[in-house]
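Using numbering that gives the first Met the number 0, the letters of the sequence shown correspond one by one to residues 0 to 685.
Backbone N, C-alpha and C define an ideal beta-carbon position, used for all residues, glycine too.
In this text, all values refer to a predicted model and were calculated from it rather than measured experimentally.
See below for the structure under consideration.
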Amino acid sequence: MTTATIKIDTALFIRLAKLPSEIVAYIIGFLPKCMLPELLYFPPIKEIVVSTIFSDVNIAEEYLRDKASDVPGVGYGICYCDYFKVTLDDLKRGIDQWNIYPRCIYIDNVEDFQNVCDDFPELLFKAQSINGSFAGDEGPNPEPFFKFFLDLNIKFDSLSLSNFSDPLTVPPIATSIELLNASLTNYVIPGVKKLDVDAGSDEMENQTYAFSSDLENLLLYTKRSIEVTLPQTLRKLEVYAFSSVHFISEEMVNLEYLTIQLPNIRTFNETGIIAPNLKELNVRCDQLSNLEELRQFQHLKELEFGFCNYPFGLFDEDSFPELESFMCWGCHISDSEDCHNSSLIFPRNLKQLAIECPGFENVDFTTAMLPLTLTILHVSGLSFNDGYLGENLRYVNVQGSSLVFKKRFIIFPMVEKFILKADHLTFESSDFMYHLPASLMHLNLFACEQGKMNPLTQKVKWPSMLSGFVFQNFKINYETLKLLNMKESRIEEIDICGGDIKTLDADLFPVSVKDLSLVQMGIEEVLGSFEDLENLQKLSLQGNQLKKISPVRMPVSSLSFLDLKQCNLRLISPFVVSMFEEKNKNVKLRVNATGNLNLNVFDVRRALKASKGLSLNVNNFDKNLIEVSKRSTRLCCEYELPDPYFKESEMEEEVVSVSDYDSDDLYNGSGFDSDEEYMGIIVLSK
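Written as structure tokens, this is what we have:
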């Protein structure tokens, strides 16, 4: 079993154990799979952890289990395993110990299947779900196992076959089959409900496909001309073709979900698909021009266009009465379209609208007729000079080159998330900041190049629900920062970029803040202490002038990451003084100080020596630091991130002024410091 490399929050799991078992199981189900063995050492939740481990197992004789990172705030975040990996022998021992069989098993090659069949065949009968994945370039032909399954009446829930040069014969032993660069001798397989077909380069020109009448979900990916007979039982069909596809079908009354990518069709009726009950249609046909035929699908709930001409003229107030979602991305606007005179009309019951189209800035969005039912609006690539948005919107994400909001602009009462992003973002008045809706949870005002807003004249009163605030490139001063009145809020994420405040008062921010970013704010001095921000986990002061900063106390019991990139730093120690206290000797903090080529090397080494929980990233500008970093897991010398404030003469002066440092106070890496790393290792025992 893997030994933990981070300290587990014991108190958290003690509290967790007090919850109802079904809730505990639900929560543990979301944890990284590779973390689960360490939780076996918490008796109150041990049985639930065992059950979670046995719910989904991947049997393999060789595997690598992810380990926890010692980087603060990362932990097992690098684990993306969908199943718990285990050898067959360990699985057998676990079954004997806990008297429980896996609910779902996953096996990825023929050899591991052979081992299961030879040594533990009862596993195949006890498991509720069997899932197999076989690759022709990694092992022998799996067809003998198919016969074995057929004879014993065992079925795969899912079967994946890839990279087989010869067509395979698959008997009715699977509910779902995926083919990747592989083909079958016969696609009519009784019992198969879902089939994904990508025959790859071996697919023959004019290949014909027919399928079982049991099939409900079909995906076809092809680069060749093919002929396909569609079963009437299909509920979902996805076709991604780069050549012609000839469909043979009768009326498909069960088909509800259709995605179609065909290169040369100009009208939908050319497909030959008749589906009167279609609910979702995704069209990716770049030559499609006759849109009138799409109006036959009057029961559509969702309509999506990708890489097509924008469907001007498709909608009117009476069309698609059941349509709730319309999305259009990557679409272009034909030169023949009179964009300036084309009003944007949408179905009257639409709830979600998403448009991301290059060239859309030529369309006058101010004339758009947005239905009153609309609650989600996401539009990108436009310009407009009115700023009016629908009154019933809950989620707003508007992006463009230039957005202008008139004096009368307000954020309407039902909005929960409001995002504006533009190269040039202009508010003719700041009054809307005094009338923020009570339901607002996120407010993002992001000017990529320049933001303009009349100065605040009174304090902002923040909604109690608001947890995130982004305010970029509005060039604020200290007075504006004070009037933002964030101290009186419950905001958890604050991201402000661009300003000239000179002096930063740490007392201006709420105790609720977890992630605080103050980038390129012209900060030269910090007043007060960040210690009262007891929930602060990440702090970024990137791009400020912190050359002569006085010691700043940090909430190191919660803070895990401090970003000091390109801050014209000379010294690290003023920012980590709290780490040197006895009560904080076991806390861990990672500091990113890259882009500071004038750093005092001796100060860096003294800080690392004094605090074994401190980790530091700097540029590879000093050969001594580079050598130390080779022996350390806490010091990392990276590539040359530019330092806009670097002066060679100042660096030389620093070296002379610190020549009398005691070498015993200097960090030399693990090769010289026996107690150099505090890894937070916990000793686990049964």
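Those residues which DSSP pairs with residue i across a bridge
i	result
Ala126	Partner(s): none; Ala126 has no beta bridge.
Gln297	In the DSSP output, where bridge partners are listed per residue, Gln297 has none listed.
Tyr105	Asn57 and Asn130
Tyr638	Partner(s): none; Tyr638 has no beta bridge.
Thr228	Ile247
Asp213	Partner(s): none; Asp213 has no beta bridge.
Thr221	Ala240
Asn308	His331
Ala446	Ala421
Beta-carbon spacing of residue i, residue j below 8 angstroms
i	j	result
Leu532	Phe508	yes
Phe306	Ile272	no
Tyr82	Tyr100	no
Arg223	Gln206	yes
Pro310	Phe345	no
Leu343	Met326	no
Gln295	Ile264	no
Ser557	Asn591	no
Glu269	Lys300	no
Asn597	Arg569	yes
Gln449	Lys420	no
Met464	Met432	no
Ser516	Arg489	no
Thr174	Val196	no
Ser161	Asn180	yes
Asn599	Val627	no
Thr164	Gly135	Reading the sequence as shown, one finds Ser at residue 164 and not Thr. Against a cut-off of 8 angstroms, the Cβ pair of Gly135 and Ser164 comes out as a contact.
Phe112	Phe144	yes
Phe411	Leu444	no
Tyr208	Tyr186	yes
Where residue i sits in the DSSP three-state scheme
i	result
Gln206	strand
Gly138	coil
Ser438	coil
Ser557	coil
Gly527	coil
Gly190	coil
Gln113	helix
Ser628	helix
Glu390	coil
Phe147	helix
Ser539	strand
Tyr40	helix
Cys33	helix
Ile13	helix
Ala505	helix
Phe155	strand
Asn289	strand
Glu269	helix
Ser200	helix
Asp195	strand
Glu533	coil
Asp562	strand
Arg552	coil
Asn162	coil
Residue i, enclosing alpha helix (DSSP H) - first and last residue
i	result
Asp89	Leu87 to Trp97
Thr51	Lys45 to Ile52
Glu177	Note, Glu177: premise wrong, no alpha helix (DSSP H); beta strand (DSSP E) at Ala173 to Leu179.
Span of the beta strand (DSSP E) around residue i
i	result
Ile273	Ile273 -> no beta strand (DSSP E), and no H or E assigned at all.
Glu355	Gln351 to Glu355
Ser20	Run containing Ser20: none in the beta strand (DSSP E); it sits in the alpha helix (DSSP H), Ser20 to Ile27.
Phe408	Careful: Phe408 lies outside any beta strand (DSSP E) and carries neither H nor E.
Leu424	Lys416 to Phe426
Val518	Asp514 to Val518
Leu322	Taken as a continuous stretch (DSSP letters only), Leu322 belongs to no beta strand (DSSP E), as it is neither H nor E.
Glu279	Glu279 to Val282
Ser511	Taken as a continuous stretch (DSSP letters only), Ser511 belongs to no beta strand (DSSP E), as it is neither H nor E.
Which parts of the segment 566 to 623 are runs of the alpha helix (DSSP H), unbroken and 4 residues or longer, counting only runs that do not cross its ends? 600 to 609
If you scan the segment 236 to 262 from start to end, which runs of the beta strand (DSSP E) of 3 or more residues do you find wholly inside it? 244 to 247 and 256 to 260
Report the residue ranges of all beta strand (DSSP E) runs contained in full by the segment 463 to 503; include only those spanning at least 3 residues, in chain order. 467 to 475 and 492 to 498
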